[in-house]
Amino acid sequence: MKKYKNYPSNFALLTFLSLFLTSFIFGQTIRNDLLSLDNRKDFGNYLFCQKDYLRAIDEFNIVLNGKWNDTLQYKVASSYFNMKKYSDAMNNYEKLFSSKLISEEAKLEYYRSLFFIEDFEKFRKKFVADYFPKSYEVQLNRLRAYSYLMDDSELPTETELISKFEKPDVKQISEFYNWKKEPPYKSPTKAAIMSSIIPGLGKVYVDEVGDGITAFLLTGLFTYLAMDKFQKDQTTSAWLYTALAAFFYGGNIYGSASAVQNYNASIKFTFDSEVKVYINKRDHFLPKPKYMCE
Amino acid sequence: MKIVLIIILSSGLIFSQTDWVKWNKADINYEIPVREHQSSSNNTSNVGSMLLSGLQDSYSFLISDVDGDNCPFYPTCSSFYIESIKETNIFQGTLMFADRFTRDSNLYKSKTHYPHHSSGKYFDPTYNYYLEQDKVHFYSRAKIVE
Numbered sequence: 129m130k131k132y133k134n135y136p137s138n139f140a141l142l143t144f145l146s147l148f149l150t151s152f153i154f155g156q157t158i159r160n161d162l163l164s165l166d167n168r169k170d171f172g173n174y175l176f177c178q179k180d181y182l183r184a185i186d187e188f189n190i191v192l193n194g195k196w197n198d199t200l201q202y203k204v205a206s207s208y209f210n211m212k213k214y215s216d217a218m219n220n221y222e223k224l225f226s227s228k229l230i231s232e233e234a235k236l237e238y239y240r241s242l243f244f245i246e247d248f249e250k251f252r253k254k255f256v257a258d259y260f261p262k263s264y265e266v267q268l269n270r271l272r273a274y275s276y277l278m279d280d281s282e283l284p285t286e287t288e289l290i291s292k293f294e295k296p297d298v299k300q301i302s303e304f305y306n307w308k309k310e311p312p313y314k315s316p317t318k319a320a321i322m323s324s325i326i327p328g329l330g331k332v333y334v335d336e337v338g339d340g341i342t343a344f345l346l347t348g349l350f351t352y353l354a355m356d357k358f359q360k361d362q363t364t365s366a367w368l369y370t371a372l373a374a375f376f377y378g379g380n381i382y383g384s385a386s387a388v389q390n391y392n393a394s395i396k397f398t399f400d401s402e403v404k405v406y407i408n409k410r411d412h413f414l415p416k417p418k419y420m421c422e
Numbered sequence: 224m225k226i227v228l229i230i231i232l233s234s235g236l237i238f239s240q241t242d243w244v245k246w247n248k249a250d251i252n253y254e255i256p257v258r259e260h261q262s263s264s265n266n267t268s269n270v271g272s273m274l275l276s277g278l279q280d281s282y283s284f285l286i287s288d289v290d291g292d293n294c295p296f297y298p299t300c301s302s303f304y305i306e307s308i309k310e311t312n313i314f315q316g317t318l319m320f321a322d323r324f325t326r327d328s329n330l331y332k333s334k335t336h337y338p339h340h341s342s343g344k345y346f347d348p349t350y351n352y353y354l355e356q357d358k359v360h361f362y363s364r365a366k367i368v369e
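From first to last, the protein sequence lines stand for chains A and B.
All residue numbers for the first sequence refer to the working numbering, where the first residue is 129 and numbers rise by one.
All residue numbers for the second sequence refer to the working numbering, where the first residue is 224 and numbers rise by one.
Printed below as a string of structure tokens:
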């Protein structure tokens, strides 16, 4: 009986040891389904929603190589779009043009990407393409109308341009149109003439009053000195002052013309910025992209 | 054995103090880096270029280096003049310089219409004054030009 006295404790020890050792075996076993396509898809979706687009594209592409999925392909294209790689996005949206489920959405996003490349002439030419998404014709036509305000191409008539928009936008679009049609640019020639009559006036014309007064004083001062020296028959210094007066006079005429060009560039910059801000505020007149993370 | 142990311990102390370099006085240079070097061009391709580079070098040596970096613009007025002559011609370049000089002498110091350069100066590039509208580039005042 003594032989079996420690049996329960030995059994417990043996059981514990067995369980302990087998846990290592199970602990080291790689689950075969960890890198399955479904898990990769879920992980890719997680990365996509975390805006880790590069890694999401890698995961999605592995899944797509094993099993085609339109939504995943759409997400690959959207990842490129979100990374502002618009050409890559277009190439990937193009693969979905024959999709039964999301062909129209893919085409819409293709046009959206094309717009963001800012080659507006190419964008407008693509409206006659056979893959133009008819379901989004109204929205894309608004974007097309808007594109005329963003480059230097010939404008359509105001009625034609405005007809694409609904009431809340019409007033603003009309203002943009009129600005584009007749931008409030100033004339460099006019500024140069003004400065040749009264030095500095051309600068005042473009709101550079300080520069204008300085030019007037410098030119006036050296002209006065030159005249004074001529009257006193001090010809050497008289010609020196004449040269200086001519230097500032000529420089101011030239500077007034170039100041107008800079002024016009600033006007154009402000207009372009306002147009971009407005179109962003209106979400480019397009519906929000589908299949994204909310 | 004791002696060996003492030697090892002692040498350990010596070696532990050998990273002298790490605790040396740091060699810090407080000089503000010069962003724009007036290159001594020594251009001898023609008489005009020779005269121009001679004038530039004389100005740099006799006036600019002594007077200090006082021009509020980037590029400085002398660099602006040289660059504008190189890009256009002597006549137009001189007119551009005359205008720049007037703007530099602005009595009211009203320079709000210039963008800021990363050097802390006003950015006023020559290509905005060639009288070619296509070359004029407007920079947002909110940004600092590199």
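By construction, the Cβ of each residue, glycine as well, lies at the ideal position given by its N, Cα and C atoms.
As the structure is a computational prediction, the values presented were derived from the model and not from experiment.
Review point. K366 of chain B: which of B:I229, B:M224, B:H339 and B:K309 sits nearest, CA to CA?
Key: With distances taken between Cα atoms, K366 of chain B lies closest to B:H339.
Practice item. Step through the CB atoms of chain A and report whether any lies within less than 9 Å of the CB of K366 of chain B. Key: With 9 Å as the cut-off, K366 of chain B does not count as an interface residue toward chain A.
Practice item. Kindly provide the ranges of any alpha helix (DSSP H) runs that are 4 or more residues long and lie completely inside the segment 248-323 of chain B, ordered along the chain. Key: DSSP runs (the alpha helix (DSSP H)) wholly in the segment 248-323 of chain B: 270-282 and 300-310.
Check your understanding: In the segment 285-322 of chain A, which residue ranges form an unbroken alpha helix (DSSP H) of at least 4 residues, counting only runs that do not cross its ends?
Key -> Listed in chain order, they are 286-290 and 295-309.
Practice item. In angstroms with no decimal places, state the Cα-to-Cα distance between E232 of chain A and P261 of chain A. Key: Roughly 5 Å between the two C-alpha positions.
Review point. To the nearest whole angstrom, what separates the beta carbons of T311 of chain B and G379 of chain A, a pair I think is in contact under 8 Å?
Key: The beta-carbon distance between T311 of chain B and G379 of chain A, rounded to whole angstroms, is 14 Å. This is too long to meet the 8 Å contact definition.
Practice item. Would you tell me roughly how many angstroms separate the C-alpha atoms of D400 of chain A and G194 of chain A, rounded to the nearest one? Key: D400 of chain A and G194 of chain A: Cα-Cα distance of roughly 46 Å.
Check your understanding: Excluding five sequence neighbours on each side, which residues of the same chain lie with their C-beta closer than 7 Å to the C-beta of S241 of chain A?
Key -> By the criterion of a C-beta distance shorter than 7 Å, S241 of chain A is surrounded in its chain by F209, Y214, A217, M218 and Y221, once the five residues flanking it on both sides are discounted.
Review point. Counting Cβ pairs closer than 8 Å, one from the segment 367-384 of chain A and one from the segment 412-420 of chain A, do we hit at least three?
Key: At 8 Å Cβ cutoff, the stretches do not touch.
Check your understanding: Taking the alpha helix (DSSP H) that Q267 of chain A falls in, what are its first and last residues?
Key -> Bounds of the alpha helix (DSSP H) holding Q267 of chain A are E265 to M278.
Check your understanding: Any Cβ of chain B within less than 9 Å of the Cβ of P316 of chain A?
Key -> By this cut-off, P316 of chain A is an interface position.
Exercise for review: Inspect the CB distances between the segment 302-319 of chain A and the segment 384-391 of chain A and report whether three or more fall short of 8 Å.
Suggested key: They touch, by the three-pair rule.
Check your understanding: Would you say the segment 302-315 of chain A touches the segment 338-347 of chain A, given that touching needs at least three Cβ pairs under 8 Å?
Key -> Taking a contact to require three or more Cβ pairs closer than 8 Å, the segment 302-315 of chain A and the segment 338-347 of chain A do not qualify as touching.
Check your understanding: Which ranges does the alpha helix (DSSP H) cover as unbroken runs of at least 4 residues, wholly within the segment 335-371 of chain A, from first to last along the chain?
Key -> 337-359, all fully within the segment 335-371 of chain A.
Point to revise | CA-to-CA distance, M278 of chain A to S323 of chain A, given in whole angstroms | key: The alpha-carbon atoms of S323 of chain A and M278 of chain A are separated by roughly 34 Å.
**Study point:** Interface positions of the segment 376-394 of chain A facing chain B (Cβ-Cβ less than 9 Å), listed along the chain
**Key:** Under the 9 Å Cβ criterion, the segment 376-394 of chain A contributes F376, Y377, G378, G379, N380, I381, Y382, G383, S384, A385, S386, A387, Q389, N390, Y391, N392, A393 and S394.
Review point. Would a C-beta distance cut-off of 9 Å place Y297 of chain B and S342 of chain B closer than the cut-off?
Key: In this structure, S342 of chain B lies closer than 9 Å to Y297 of chain B by Cβ.
Check your understanding: From this set, A:A273, A:A234 and A:S263, which residue's C-alpha is nearest K253 of chain A's C-alpha?
Key -> Among A:A273, A:A234 and A:S263, the Cα nearest to that of K253 of chain A belongs to A:A273.
Exercise for review: Helix, strand or coil for I231 of chain B, going by three-state DSSP, please let me know.
Suggested key: Of the three classes helix, strand and coil, the one that applies to I231 of chain B here is helix, per DSSP.
Practice item. Could you check if L182 of chain A is buried or exposed, using at least 16 other CB atoms within 10 Å of its CB as the buried criterion? Key: The C-beta of L182 of chain A has fewer than 16 other C-beta atoms within 10 Å across all chains shown, which makes the residue exposed.
Practice item. Would you verify that the beta carbon of I325 of chain A is, or is not, closer than 9 Å to some beta carbon of chain B? Key: At a cut-off of 9 Å between C-beta atoms, I325 of chain A does not count as an interface residue with respect to chain B.
Point to revise | Contacts around D359 of chain B, its chain only, beta-carbon distance under 6 Å, and the 5 residues preceding and following it disregarded | key: In the sequence as displayed, the identity of residue 359 of chain B is Val instead of Asp. Hits under 6 Å: N351.
Exercise for review: Ignoring anything shorter than 4 residues or poking outside the segment 157-220 of chain A, list the alpha helix (DSSP H) runs there in chain order.
Suggested key: Runs found: 165-177, 181-194 and 198-210.
Exercise for review: Compare the Cα-Cα distances from E282 of chain A to each of A:F248, A:I301, A:P296 and A:V256 and report the closest residue.
Suggested key: Of the candidates A:F248, A:I301, A:P296 and A:V256, the residue whose Cα lies closest to the Cα of E282 of chain A is A:F248.
Review point. Between which two residues does the alpha helix (DSSP H) harbouring Y249 of chain A extend?
Key: What sits at residue 249 of chain A in the sequence shown is Glu, not Tyr. Where E249 of chain A is concerned, the enclosing alpha helix (DSSP H) stretches over F248 to K253.
Check your understanding: What residues from chain A crowd round V359 of chain B, counting only those whose CB sits closer than 9 Å?
Key -> Per Cβ cutoff of 9 Å: S386, Q389, N390, N392 and A393.
Point to revise | First through last residue of the alpha helix (DSSP H) which encompasses I474 of chain A | key: Since the displayed chain A opens at 129 and closes at 422, residue 474 of chain A lies outside it and no answer follows.
Check your understanding: In whole angstroms, what separates the C-alpha of Y369 of chain A from that of F344 of chain A?
Key -> Y369 of chain A and F344 of chain A have their C-alpha atoms some 15 Å from each other.
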